[in-house]
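If you read the sequences in order, they're chains A and B. Okay, so the first sequence: first residue is 11 according to our numbering, each after it adds one. Okay, so the second sequence: first residue is 275 according to our numbering, each after it adds one. Beta carbons are placed, not taken as given, at the ideal position from N, Cα and C, and that holds for glycine. Quick notes on the structure that follows.
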Amino acid sequence: VITSAADFTYNPHDADVMANPVPYYEVLREQFPMYYIREYDAYAISRFEDVYDVLSDAGHRFTGVEGTLMNRDQFLVRNGGVLPSWSRNPLPPFTSTDSPDYEDLRQAHVAPLRPKSVALMETFVLGIVRERLDHLLPQRSFNLTTEFGGIVAASTMCQLYGLPLDLARPILDMINSGSMTDPESGGLQAGNTVQLARQHREMIMKAVVPRRAAGADGSVPLVDDMVNFRLDGVRPLTDEEVCDQLVCVLVGGTETLPKVVAHGLMELWRHPDQLAEVRSDLSLNARPAFEEMTRYCGPAQWFTRQVREPITIGGTELKPGQRVILLMQSAARDPREFDGPDEFVWNRPIERNLAFSFGQHYCVGVHVAKLEGRIMIEEFLSRVHDFEIDEAGLVRLPSSFQWGYSVVPVTINDYS
Amino acid sequence: MKIVIDWKQCEGNGICSVEAPDVFELDDDDNLTVLLENPGDELRAGVEAAVRSCPKRAISLAD
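In C-alpha cells form, the structure reads like this:
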C-alpha cells in the first residue's frame, strides 16, 4: 500500500502491485518516471513519450533478446554489461532472437496476417461469432470473457493453424492456465515456464506434423510457410523449432482479446449514454469503440527490453545490459497523451496507440485482433438489446503481467 | 505534401494501407506500394494518421 512518496517502492512482482498496479502508475508517472529497480538492474518507465521512444528507437539501441516478458528469476541475474546471444541450432522462438534472424523468422509467417488475407477471414469470424451467440444467448447468463470472446479467439487460431475447431476449448484452457501467477511470488501457477513451453509445443505439433506430411503446399500458410523456411537459405527447421516460432501468434491471439472485449462491453454497460451512441450506428461505431477498448482495457501490464548501446531516455543514461520495463498500461493512462485518461470514452481521439506495441515487436496479429474485436462488438450489440453485468461476480486475479478480467458474468435480459 | 518512405525500415505491416487506402497499398507480394507520391491536401488527415501509426516509423512527409 502506498503511504507516502518518501517510502514508495515499486516492483512488478510485489504482491500489492500485482493486486492492483494502477495507483502505483500514477506515482511513478508523476514522481519517478524512470524508476530504478536495483535488484533487477532495470528501469520501470511509465510516461507515454518515454515508452514510445524506447519502442520505436530506429537506432536499434534496444533488443528483446533476453525476453520481452522476463520472469523474476531472469531479472535477478545481472547482465554485467554483456547481453546474451541466441542459439541458432536449435533456434529459440523468434521473439527471443534479434536482427537479422528476428525479422527473417517473423516475415516468414506473417503473410496470412496481413490486411488483404485477414479481410478474407471476415466470413469465417462472422460465422463463429453468430454460432457462439446462437448457443449462448438462450442460456441468459454466461462468462463473457471465456464463453464468448475466448472461444471466438481460440477458434480463429484453429482456423489459422489448420486445426479442428474442437481444439478451441483445450487451447483456451491451456493458455489461460499459463497466465495465472501466484499472488505472492509472481511465479507461474501452472508449473514452470519449461512445462508450459512443452504444452504449447505439443498443441502446435498437432498442426505442424500433418502439414509437413501433406507437403506443406501453402494451403495453411501460417504453418506451411514456417515448414518451408530455410535458415540462411539452407537449413530447414525441425518440427520443434517450427512449433516454437508459432507460439507467439497462438498465445497472443488467444490470451488478450477476450479480456479486452468483455471488459469493453462492461464499460459500455456502465455508460448507458455511450452505449446508446455506439448502438446508433454499429457498423460505423464498433471500430472506434474497439480502439478505445484496446487503450482502456488492455490486460498486458508491461514488456521488457534490454539496452544494446548507450542511450538517454527521460533524462536518464542507460547502459548496455540494463533492462527497461515498459509500463504499457501506465502509458495508456498518461494525461500528457490522453485527455482525462482514466475515463472510458468510446470515440475519443487516439492519435498514437501503444496497445499493439510499436517498433520491432509490433503485434504481428493486429489486423486479426481488430477484425475479431469489431465483429464481436457489432454482433453482440445488434443481437442483445438489454444486458447487465454482475459486478460482484467479476474476477480479476493478481498478476504481474496479464491483469485482466478472466470472469465477466453477463445476464441477457432481451435479445433477438 | 510528398511521401517519403524509409525502405530499410518498412516491413509491410500494412497499417498505412488501412489508415490511407488511397495512398498506400500492399501488392500481391506484400510489398508496400505508394499509389500517390504527392497526395492532395484532401488526403492529409489519413496520411498523417499513417505517419503517426506506422509501427516502424518508416513514413515521413516532405513539406
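Q: Closer than 7 Å by C-beta to Asp63/A: which residues in its own chain qualify, once you throw out the five before and the five after it? Chain order, please.
A: In the first sequence, counting from the first residue as 1, residue 63/A sits at position 53. Answer for Asp63/A: Ile323, listed in chain order.
Q) The beta strand (DSSP E) with Pro282/A in it runs from where to where? A) In the first sequence, counting from the first residue as 1, residue 282/A sits at position 272. Counting along the chain, Pro282/A falls outside any beta strand (DSSP E), though it belongs to the alpha helix (DSSP H) covering 282–290.
Q. Along chain A, in chain order, which residues have C-beta atoms closer than 7 Å to that of Ser291/B?
A. Counting from one through the second sequence, the residue named residue 291/B turns up at place 17. Within chain A, the residues near Ser291/B are Pro125.
Q. Roughly how many angstroms separate the alpha carbons of Thr166/A and Val135/A, rounded to a whole number?
A. Here the question's residue 166/A lines up with position 156 in the first sequence. Here the question's residue 135/A lines up with position 125 in the first sequence. C-alpha separation (whole angstroms): 7 Å.
(Q) Against His377/A, what residues of chain B qualify as contacts under a CB-to-CB distance less than 9 Å, listed in chain order? (A) Locating residue 377/A in the first sequence gives position 367, counting from the first residue. Neighbours of His377/A on chain B, chain order: Asn287, Gly288, Ile289, Val292.
(Q) Run through the DSSP bridge pairs and tell me what Gln169/A is partnered with. (A) Counting from one through the first sequence, the residue named residue 169/A turns up at place 159. Answer is none; Gln169/A lacks a bridge partner.
Q) What residue ranges within the stretch 266–348 of chain A form continuous alpha helix (DSSP H) runs of no fewer than 4 residues, ordered along the chain? A) 267–280, 282–290, 292–306, 338–341
Q | Which of helix, strand or coil DSSP assigns to Lys282/B | A | Taking the second sequence and counting its residues from 1, the one referred to as residue 282/B is at position 8. Note: Lys282/B maps to coil in three-state DSSP.
Q) For the stretch 219–236 of chain A against the stretch 104–119 of chain A, are there 3 or more C-beta pairs whose distance is under 8 Å? A) yes
Q: Starting from the beta carbon of Arg362/A, find every residue of chain B whose beta carbon is closer than 9 Å, and list them in chain order.
A: Taking the first residue of the first sequence as 1, we reach residue 362/A at position 352. Near Arg362/A (Cβ distances below 9 Å), the residues of chain B are Arg326, Ser327.
Q) What are the residues that DSSP puts in a beta bridge with Ser334/B? A) Walking along the second sequence from the start, residue 334/B turns up at place 60. Partner(s): Val278/B.
Q) How would you list, in chain order, the residues of chain B whose beta-carbon sits under 7 Å from the beta-carbon of Ala121/A? A) On the first sequence, residue 121/A is found 111 positions in, with the first residue counted as 1. Near Ala121/A (Cβ distances below 7 Å), the residues of chain B are Asp304.
Q. Would a C-beta distance cut-off of 8 Å place Val257/A and Ile214/A closer than the cut-off?
A. Reading the first sequence from its first residue, position 247 is the one you call residue 257/A. Reading the first sequence from its first residue, position 204 is the one you call residue 214/A. For Val257/A and Ile214/A, yes; Cβs fall inside 8 Å.
Q) Is the CB of Phe58/A under 8 Å away from at least one CB in chain B? A) Residue 58/A sits at position 48 when you count from the first residue of the first sequence. Chain B contact via Cβ: absent.
Q) Quick one: what does DSSP say Leu381/A is sitting in, helix, strand or coil? A) For the purposes of this step, residue 381/A is identified with residue 371 of the first sequence, where counting begins at 1. Reduced to three states, the DSSP call for Leu381/A is helix.
Q.
Would Phe354/A and Leu275/A be called neighbours here (beta carbons separated by less than 8 Å)?
A. As a working mapping, residue 354/A is identified with position 344 in the first sequence. As a working mapping, residue 275/A is identified with position 265 in the first sequence. It is not a contact, given that the beta carbons lie outside the stated cut-off.
Q.
Considering Cα atoms alone, identify which of Asp144/A, Ile399/A, Ala164/A, Gln149/A is closest to Met184/A.
A. Reading the first sequence from its first residue, position 174 is the one you call residue 184/A. Closest option to Met184/A, Cα to Cα, is Ala164/A.
Q) At a CB-CB cut-off below 9 Å, which residues of chain B make contact with Glu113/A? A) Numbered from its first residue, the first sequence carries residue 113/A at position 103. Within chain B, the residues near Glu113/A are Glu285.
Q: Report the partner residues of Arg240/A according to the DSSP bridge assignment.
A: In the first sequence, the residue the question calls residue 240/A occupies position 230. DSSP, once it has assigned bridges, lists Pro246/A as partnering Arg240/A.
(Q) For Thr13/A and Trp312/A, I'd like the C-alpha separation in whole angstroms. (A) Translated into positions along the first sequence, residue 13/A becomes position 3. Translated into positions along the first sequence, residue 312/A becomes position 302. Approximately 24 Å, taken between the alpha carbons.
(Q) As a quick exercise: from Ser97/A, Thr421/A, Val334/A, Gly90/A, pick the residue whose alpha carbon is nearest that of Met80/A. (A) As a first step, residue 80/A must be located in the first sequence, where it is residue number 70. Ranking the options by Cα distance to Met80/A, first place goes to Val334/A.
**Q.** Listed by chain order, chain B residues near Pro68/A by CB distance under 7 Å
**A.** Within the first sequence, numbered from 1, the residue matching residue 68/A stands at position 58. Sequence check: residue 68/A is Ala here, not Pro. Neighbours of Ala68/A on chain B, chain order: Gln283, Arg331.
(Q) Please report the distance separating the alpha-carbon of Arg88/A from that of Ala68/A. (A) What you label residue 88/A is simply residue 78 of the first sequence in a count that begins at 1. What you label residue 68/A is simply residue 58 of the first sequence in a count that begins at 1. Spanning the two alpha carbons is a distance of roughly 26 Å.
Q. Quick one: is Ala16/A near chain B, going by C-beta distance under 8 Å?
A. Stepping through the first sequence from its first residue, residue 16/A is reached at position 6. Answer no: the Cβ-Cβ gap between Ala16/A and chain B never drops below 8 Å.
Q) What is the DSSP secondary structure of Val204/A, reduced to helix, strand or coil? A) Position 194 of the first sequence, counted from the start, is the residue given in the question as residue 204/A. Helix, per DSSP.
Q. What does Leu300/B touch in chain A if you count any residue whose Cβ is under 8 Å from its own?
A. The sequence position of residue 300/B within the second sequence is 26, counting from 1. Chain A residues near Leu300/B: Arg124, Pro125, Lys126.
Q: Just grab the DSSP bridge partners of Thr307/B for me.
A: Here residue 307/B refers to the residue found at position 33 when the second sequence is read from its first residue. In the DSSP output, where bridge partners are listed per residue, Thr307/B has Glu299/B.
(Q) Just checking: is the beta-carbon of Gln332/A within a distance shorter than 8 Å of some beta-carbon in chain B? (A) What you label residue 332/A is simply residue 322 of the first sequence in a count that begins at 1. For Gln332/A, the answer is no, since every Cβ of chain B falls outside 8 Å of its Cβ.
Q: For Arg142/A, count neighbouring C-beta atoms within 10 Å of its own C-beta (all shown protein chains included) and say buried if the count is 16 or more, exposed if not.
A: Stepping through the first sequence from its first residue, residue 142/A is reached at position 132. Arg142/A is buried by the Cβ-count criterion.
Q | Exposure of Asn473/A, with buried meaning 16 or more beta-carbon neighbours within 10 Å | A | Given a span of 11 to 426 for chain A in the structure shown, any question on residue 473/A remains unanswerable.
Q. How is Ser416/A classed by DSSP in three states: helix, strand or coil?
A. As a working mapping, residue 416/A is identified with position 406 in the first sequence. Three-state result, Ser416/A: coil.
Q. Helix, strand or coil: which one does DSSP assign to Asn423/A?
A. In the first sequence, residue 423/A corresponds to position 413, counting from 1. Three-state result, Asn423/A: strand.
Q: Output yes if chain B places a C-beta closer than 8 Å to the C-beta of Gly369/A; else output no.
A: Numbered from its first residue, the first sequence carries residue 369/A at position 359. Yes, Gly369/A lies at the interface with chain B (some Cβ there is under 8 Å from its Cβ).
Q: Determine which residues of the stretch 253–279 of chain A have a Cβ less than 9 Å from any Cβ of chain B, and write them out in chain order.
A: none
Q | One or two residues paired with Tyr45/A in a DSSP bridge | A | Working through the first sequence from its first residue, we reach residue 45/A at position 35. For Tyr45/A, which the question treats as bridged, DSSP gives the partners Ala54/A.
Q.
Pairs of beta-carbons, one from the stretch 170–183 of chain A and one from the stretch 398–408 of chain A, closer than 8 Å: are there three or more?
A. no
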